[in-house]
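Participant: Those letters in the sequence shown? Residues 125 to 354, by this note's numbering. From the three backbone atoms N, C-alpha and C, an ideal C-beta is built for every residue, glycine too.
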Amino acid sequence: MVKLIPTLKKITPTWWEIQWKEEPSEQLLKTRIAINEWLTDQYGNDLLEVRQGYQCLSLIWNKPPSPEFKLSLPSIIPIENKEISTWKIPVCYGGKYGKDLKRLCEEKGIPEIEFIELHSKTSYRLEFYGFLPGFMYLSGLGESICFPRKQFPERVVEAGSVGIGGNQTGIYPIDSPGGWQLIGRTPVSVFSPFDSPPVQPQAGDHILFVPISEDEFEQLKNEAPSLKKV
Numbered sequence: 125m126v127k128l129i130p131t132l133k134k135i136t137p138t139w140w141e142i143q144w145k146e147e148p149s150e151q152l153l154k155t156r157i158a159i160n161e162w163l164t165d166q167y168g169n170d171l172l173e174v175r176q177g178y179q180c181l182s183l184i185w186n187k188p189p190s191p192e193f194k195l196s197l198p199s200i201i202p203i204e205n206k207e208i209s210t211w212k213i214p215v216c217y218g219g220k221y222g223k224d225l226k227r228l229c230e231e232k233g234i235p236e237i238e239f240i241e242l243h244s245k246t247s248y249r250l251e252f253y254g255f256l257p258g259f260m261y262l263s264g265l266g267e268s269i270c271f272p273r274k275q276f277p278e279r280v281v282e283a284g285s286v287g288i289g290g291n292q293t294g295i296y297p298i299d300s301p302g303g304w305q306l307i308g309r310t311p312v313s314v315f316s317p318f319d320s321p322p323v324q325p326q327a328g329d330h331i332l333f334v335p336i337s338e339d340e341f342e343q344l345k346n347e348a349p350s351l352k353k354v
């Protein structure tokens, strides 16, 4: 396997970025995970935060990092034997749960049932969390159902809403403003701020969406189910 050698960029003395020129891929994801774990192990007390992106890691330090950090970085290799979990998430598509689905189908010229099938047949890869605590950025969305973010974001998007933003799909973990196209909603809580950890799926895991009816949604919502591994 060819190593993906990053570029180290200093934004400020205590804000550094690790950047890759390669396009997002499974190998790049594994490399990001490996470096993130190495940073936590070696510099956990010196780092305030590590923020992940598709092609970068942003590092916020308590104080400027040591020269050893810069020298050790290129030697980190991807984790090949990392355990990958698959999680099933029930979703009620369209109607009051996904108010944009009908319009998207009209613009794409495909029936709702076909759109739902296209969205739910894919195994998505959890790239990282961002934007909001517990907001999953999921890659693998089929090109035929990609759609740009909204020009004018919604003031309030309900927790559990499943959206499409460009070539990504994701789940809003809490009520919040948002500009993604809303196609459905899950009755399962994906973010529990008082749990440790507050999220169960980890970067690199796979996410499957399972279509359910409105009746099933309301029943599950009352039961307050947790996420389930396959």
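If we ignore side chains and look at the alpha-carbon of each, how far apart do residue 224 and residue 309 end up?
Facilitator: Linking residue 224 to residue 309 through their CA atoms gives a straight-line distance of about 12 Å.
Participant: For residue 285, count neighbouring Cβ atoms within 10 angstroms of its own Cβ and tell me buried if that reaches 16, exposed if not.
Facilitator: buried
Participant: Looking at the unbroken alpha helix (DSSP H) that takes in residue 237, where does it start and where does it end?
Facilitator: 236 to 244
Participant: Ends of the alpha helix (DSSP H) at residue 181?
Facilitator: Note, residue 181: premise wrong, no alpha helix (DSSP H); beta strand (DSSP E) at 180 to 185.
Participant: Mind checking who residue 216 pairs with in its DSSP beta bridge?
Facilitator: 309
Participant: With distance defined between alpha-carbon atoms, name the residue in 128, 279, 243, 292 nearest to residue 273.
Facilitator: 292
Participant: Can you grab the Cα-Cα spacing for the pair residue 146 / residue 343, in whole Å?
Facilitator: Cα-Cα distance, rounded: 45 Å.
Participant: To test your reading of the DSSP string, which unbroken alpha helix (DSSP H) runs of 4 or more residues are found completely within the region 250 to 284?
Facilitator: none
Participant: For residue 193, name the three-state secondary structure that DSSP assigns.
Facilitator: helix
Participant: Return the residue from the list 280, 315, 321, 316 that minimises the CA-CA distance to residue 302.
Facilitator: When each option's Cα is compared against that of residue 302, the closest is 280.
Participant: Mind checking who residue 335 pairs with in its DSSP beta bridge?
Facilitator: According to DSSP, which records beta bridges pairwise, residue 335 is partnered with 215.
Participant: Measuring only the C-alpha atoms, how far is residue 345 from residue 289?
Facilitator: 25 Å
Participant: Specify whether the region 230 to 237 and the region 250 to 264 touch according to this definition: at least 3 beta carbon pairs, one from each stretch, less than 8 Å apart.
Facilitator: no
Participant: Can you have a look at residue 227 and say buried or exposed, based on whether 16 or more other CB atoms are within 10 angstroms of its CB?
Facilitator: The residue is exposed, with fewer than 16 neighbouring Cβ atoms inside 10 Å.
Participant: Could you work out which residue in 287, 159, 340, 189 is closest to residue 169 when comparing CA atoms only?
Facilitator: 189
Participant: Considering only the beta carbon of each residue, do residue 298 and residue 283 sit closer than 7 Å?
Facilitator: yes
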